[in-house]
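For the sequence shown, our numbering gives the first residue as 1081, with consecutive numbering after it.
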Amino acid sequence: MGMIRLKNVSKFYYSKGIIASGISRINLDLDAGEFVVITGESGSGKSTLLNVISGLDTYEEGEMYIEGKETSHYTASDFEEYRQKYISCIFQSFNLISSYTVYQNVALAMQIDGCSQEEIRQRVPDLIEKVGLSEYRNRKVSKLSGGQKQRVAIARALAKDTKILVADEPTGNLDSESAEGIVKLLADIAADKLVIVVTHNYEQFKSNATRVIKMYDGKIVEDTGAEGARVETASAAPAPVTVPRAERAKAQSEDGSAKHAKGHGIKYGTQLLLGVRNTFNLPAKFLLLLLVFLFVVSSVSAQYVTVKKQKDTVSETGWNSYFSHYDPKRIVVEKNDRTAFTRADYEALENAPHVAKLVREDMIYDSGVFIENEQFSFYGYMMSITDLEEEPTIGSLPQTEDEVLLLGYDDGWTFGDTPEALIGQTYSFTMEDGVERKIKVSGIVLKPYDENSDYGYGNNSEAYFPEAMINEMRKGMYATGSTTTMLINGTEETCYPGRGGLMTNENVPEGYILLPTSYDPMFKSGYAAGSDVKLTVKALHYESDLTLTIMGTYGDKTFEKKTGLEKISEHYGEIYINPTDYRRLYERGNFQVSVFVDDTKNMDGMKDMLQRGGYHTLVLKDHIYNFMSEELVTIIQLPMSVIVCLAVFFIAYFVVRLILKSRGVYFATVRMLGMGKQPARRIMRVELVLVCSIAYAMFLLFIYLTRIGVLQSQKLLDYLTYLTARDYFALGAILLFMAVLISGRFMRTIFKSSAMGAFREEA
Ligand code: ADP
Ligand code: MG
1081 MGMIRLKNVS
1091 KFYYSKGIIA
1101 SGISRINLDL
1111 DAGEFVVITG
1121 ESGSGKSTLL
1131 NVISGLDTYE
1141 EGEMYIEGKE
1151 TSHYTASDFE
1161 EYRQKYISCI
1171 FQSFNLISSY
1181 TVYQNVALAM
1191 QIDGCSQEEI
1201 RQRVPDLIEK
1211 VGLSEYRNRK
1221 VSKLSGGQKQ
1231 RVAIARALAK
1241 DTKILVADEP
1251 TGNLDSESAE
1261 GIVKLLADIA
1271 ADKLVIVVTH
1281 NYEQFKSNAT
1291 RVIKMYDGKI
1301 VEDTGAEGAR
1311 VETASAAPAP
1321 VTVPRAERAK
1331 AQSEDGSAKH
1341 AKGHGIKYGT
1351 QLLLGVRNTF
1361 NLPAKFLLLL
1371 LVFLFVVSSV
1381 SAQYVTVKKQ
1391 KDTVSETGWN
1401 SYFSHYDPKR
1411 IVVEKNDRTA
1421 FTRADYEALE
1431 NAPHVAKLVR
1441 EDMIYDSGVF
1451 IENEQFSFYG
1461 YMMSITDLEE
1471 EPTIGSLPQT
1481 EDEVLLLGYD
1491 DGWTFGDTPE
1501 ALIGQTYSFT
1511 MEDGVERKIK
1521 VSGIVLKPYD
1531 ENSDYGYGNN
1541 SEAYFPEAMI
1551 NEMRKGMYAT
1561 GSTTTMLING
1571 TEETCYPGRG
1581 GLMTNENVPE
1591 GYILLPTSYD
1601 PMFKSGYAAG
1611 SDVKLTVKAL
1621 HYESDLTLTI
1631 MGTYGDKTFE
1641 KKTGLEKISE
1651 HYGEIYINPT
1661 DYRRLYERGN
1671 FQVSVFVDDT
1681 KNMDGMKDML
1691 QRGGYHTLVL
1701 KDHIYNFMSE
1711 ELVTIIQLPM
1721 SVIVCLAVFF
1731 IAYFVVRLIL
1741 KSRGVYFATV
1751 RMLGMGKQPA
1761 RRIMRVELVL
1771 VCSIAYAMFL
1781 LFIYLTRIGV
1791 LQSQKLLDYL
1801 TYLTARDYFA
1811 LGAILLFMAV
1821 LISGRFMRTI
1831 FKSSAMGAFR
1841 EEA
């Protein structure tokens, strides 16, 4: 049984509707120890026959047996396996990786075979020596002569150590002296292998070949043993070929079952190594690829930031009808146990990380106040002097309970006269309870208008009141913001604090309540005086109640005497209690503060921290009415960005394909050496992922340089503003994914054709 047997094998080529016959009905038996030379004119089918035998091309008719096994049913991967196991190739055009050194080229064949690093280190120098190239070991193949290249190709073919060695025009590109050396080398190898050589130059091989096959028009026209060459060859150089034989014997003795000293395909570590080597061994190509990926990184990240920025802008722009003092950095905070804030609570919050500002008097923070007289009126947010951060520009801080400090903008003072003229003047304002109070301006803070303030928030006029006044106001807020009910003689009715409702009056002693005469008919006796009234307050944060005795009722005539007030016409229906009792009902401390985060990026972290600390939080920017919702950004902006990224992907893909055109030859070569598709894909992926990572690292470096102030770019500053660690991570992942996709697509185009086809196309 021969090693290779062809029975009526035919191969046709179809191209543009025309069928050409490559070889037709070939019958052939080939075995180890033969040095077969196939000759014939150009176009006679020599290459086709060789390619069919070496499994690079399929055949259409007949049957080819490999060690007795039929192959007509073989799939592409079966032939790939066959090539890997049986065939070593030497080509006219050498098919070396020209950017690799001699050593790397020879080692590549063994690496693809899955040989161990140690084995490679031992054998490669021997093989290089055998082809006489020891002194060129570390030279790049691109710098060798034609004869030297062919020797490298032979060393590489031997490195694979297979039973069959095929060579297509191995001397075609060589001068006669180099050719002679190559022929001798091949003859040596044929001592225990099947060596098949295709040549149109029979003369060069005549004296060494054991068999000559002559072809014409796709058929074998002559098949003879060459005269006496066999004996000559065998005796001339048996020594060199003993190296692989001895090698095999050694492997067999170490591992009894092993037929060949080879592993199971290329190792993962080697794939990684080759990927890294391919990345850097052509510096110009690396730089071009890097440029492409810098383009990818910058355009994809620009899209990412655009979406992120729009979302942030949208989520921070809007209004909230309840919290009119809107600021995207504001979080309203209550205690989970619904108790009032203590000094310790304030301190803990003020000193917490990322807290830019704490507004203690949150209840009044959202109410505005009008301060006015005949010539002047000022409108601003009500603030507590304890929350003032600035020093007065003019005048001083409030010293007494009826003084106020105003805050406005020096280039936009719109409140009449000069700021100086207002100091010391008395003005009036009305609080929630409807009572008008007098106030004196003690000082003014003038601030420059902050153009860069977040969307203009923060540029508000403010009026800072002393703490006692604030307590009073808060009391009013709680009173108006709560539901107060009055239980009188078994009947419950709601009463409203403030004008026309529940009011304070110094003339009413503690523990008593003064009602209008309209309540008298509720009692059988016709007199309310002496009975009890239970007041119950249900506020947002607390409930309180108080039982008071009705001290009497007032009518039109007794009103002034009993209340000390004038004009009952302005006070119809009012109920009076002592201010101390009023305080008992409504002045229960502060239950709500506002925390301002230093940066909206820290919002989520702050929220978590507060919640863990026992606080209930309301992030204002999550509860606003927007012109455009975040979802709308997602619906409109996101697809646009995805389209841009897709365009970037295809541009990058085509440029990468142009730059890596020569990789086609590389992969055709490694596949002819027996590398499978998967490892080839991985090697490509390593290269593009590596370049992409370097590009991304450079991008991060640019951002870092912007951050420390070395680079100045508004665009890069945007990245700093809108991207968090999580975003950088996501962005990196998107880019790596794109690199993997590009490499996958690139490999698909390379693998579209069969190994030989790819080679024909690219070479
Ligand atoms: P040789 O190597 O002896 O020069 P080939 O084996 O290359 O001859 O070619 C044999 C025949 O097959 C020729 O007629 C050639 O035109 C044809 N042929 C070879 N390769 C192809 C191909 N890829 N497509 C179409 N015809 C081909
Ligand atoms: Mg040919």
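All C-beta atoms, glycine included, are put in the ideal place defined by N, C-alpha and C. In this text the structure is predicted, and so the values were computed from the model without any measurement.
- Residue state for Arg1743 is assigned as helix, using DSSP reduced to three classes.
- Residue side-chain check: Gly1194 keeps its Cβ at 6 Å or more from all non-hydrogen atoms of the ligand ADP.
- Between Leu1370 and Ala1775, the gap from beta carbon to beta carbon is short of 7 Å.
- The beta carbons of Ile1177 and Tyr1746 sit closer together than 7 Å.
- The ligand ADP never approaches Thr1279 closely enough for any of its heavy atoms to be under 6 Å from the residue's Cβ.
- Between the beta-carbon of Gln1191 and that of Thr1350 there is about 5 Å, and that keeps the pair under the 8 Å contact cut.
- For Leu1781, the enclosing alpha helix (DSSP H) covers residues Lys1757 to Arg1787.
- A distance filter of 5 Å between CB atoms and the heavy atoms of the ligand ADP selects the following residues in sequence order: Tyr1093, Ser1095, Ala1100, Gly1102, Ser1122, Gly1123, Ser1124, Gly1125, Lys1126, Ser1127 and Thr1128.
- Classified as buried, His1405 has 16 or more neighbouring CB atoms from the shown chains inside 10 Å of its CB.
- Pairing Gly1123 with Gly1102 gives a Cβ-Cβ distance that is not under 7 Å.
- Pairing Gly1591 with Leu1628 gives a Cβ-Cβ distance under 7 Å.
- In its chain, beyond the 5 residues on either side, Leu1791 have a beta carbon closer than 6 Å to the beta carbon of Leu1785.
- Between Arg1163 and Gly1754, the gap from beta carbon to beta carbon is short of 7 Å.
- Distance check between Pro1363 and each of Leu1266, Ser1179, Glu1215 and Leu1352 places Ser1179 closest, using alpha-carbon atoms only.
- Counting other Cβ atoms within 10 Å of its Cβ, Lys1555 reaches 16 or more and is therefore classed as buried.
- Of all C-beta pairs linking the stretch 1542-1561 to the stretch 1477-1486, three or more are shorter than 8 Å, placing the two stretches in contact.
- Under a 10 Å Cβ-count criterion, Ser1222 is classified as exposed, with fewer than 16 other Cβ atoms of the shown protein chains found around its own Cβ.
- Pairing Ser1464 with Glu1441 gives a Cβ-Cβ distance under 7 Å.
- By the criterion of a C-beta distance shorter than 7 Å, Gly1135 is surrounded in its chain by Phe1159, Tyr1162, Arg1163 and Ile1167, once the five residues flanking it on both sides are discounted.
- The beta carbon of Arg1105 is closer than 8 Å to those of Asn1088, Val1089, Ser1090, Glu1141, Gly1142 and Lys1299 in its chain, skipping five residues each way along the sequence.
- According to the DSSP assignment, Thr1279 belongs to no beta strand (DSSP E), since it is labelled neither H nor E.
- In the DSSP annotation of this structure, the continuous segment of the beta strand (DSSP E) that includes Met1144 starts and ends at Glu1141 to Ile1146.
- Taking 4 residues as the minimum length, the alpha helix (DSSP H) runs contained wholly in the stretch 1460-1515 are 1499-1502, in order along the chain.
- Assigned with DSSP and collapsed to three states, Ile1648 falls in helix.
- In the DSSP assignment, Ile1208 falls within the alpha helix (DSSP H) that extends over Gln1197 to Lys1210.
- For the pair of segments examined, the stretch 1449-1459 was found to touch the stretch 1486-1501: the number of CB pairs separated by less than 8 Å reaches three.
- In the DSSP assignment, Gly1305 falls within the unbroken beta strand (DSSP E) covering Lys1299 to Gly1305.
- In this structure, Gly1578 is the residue among Gln1691, Asp1661, Gly1578 and Pro1589 with its C-alpha nearest to the C-alpha of Glu1654.
- Scanning its chain for C-beta atoms nearer than 7 Å, with the 5 sequence neighbours on each side dropped, one finds around Val1588 the residues Leu1594, Met1631, Tyr1656, Ile1657 and Asn1658, in chain order.
- In this structure, the CA atom of Glu1767 is about 15 Å from the CA atom of Val1735.
- Bounds of the beta strand (DSSP E) holding Thr1633 are Glu1623 to Tyr1634.
- Going by DSSP, Asn1587 is part of no beta strand (DSSP E) at all; its letter is neither H nor E.
- For Met1083, there is no enclosing alpha helix (DSSP H), as DSSP marks it with neither H nor E.
- Taking 8 Å as the upper bound for CB-CB distance, Asn1185 and Val1232 are in contact here, some 6 Å apart.
- Secondary structure note for Asp1248: its beta strand (DSSP E) is the uninterrupted segment Ile1244 to Asp1248.
- Close CB contacts of Lys1243 within its chain, under the 7 Å cut and outside five residues either way in sequence, are with Met1083, Ala1112, Tyr1166, Lys1273 and Leu1274 (chain order).
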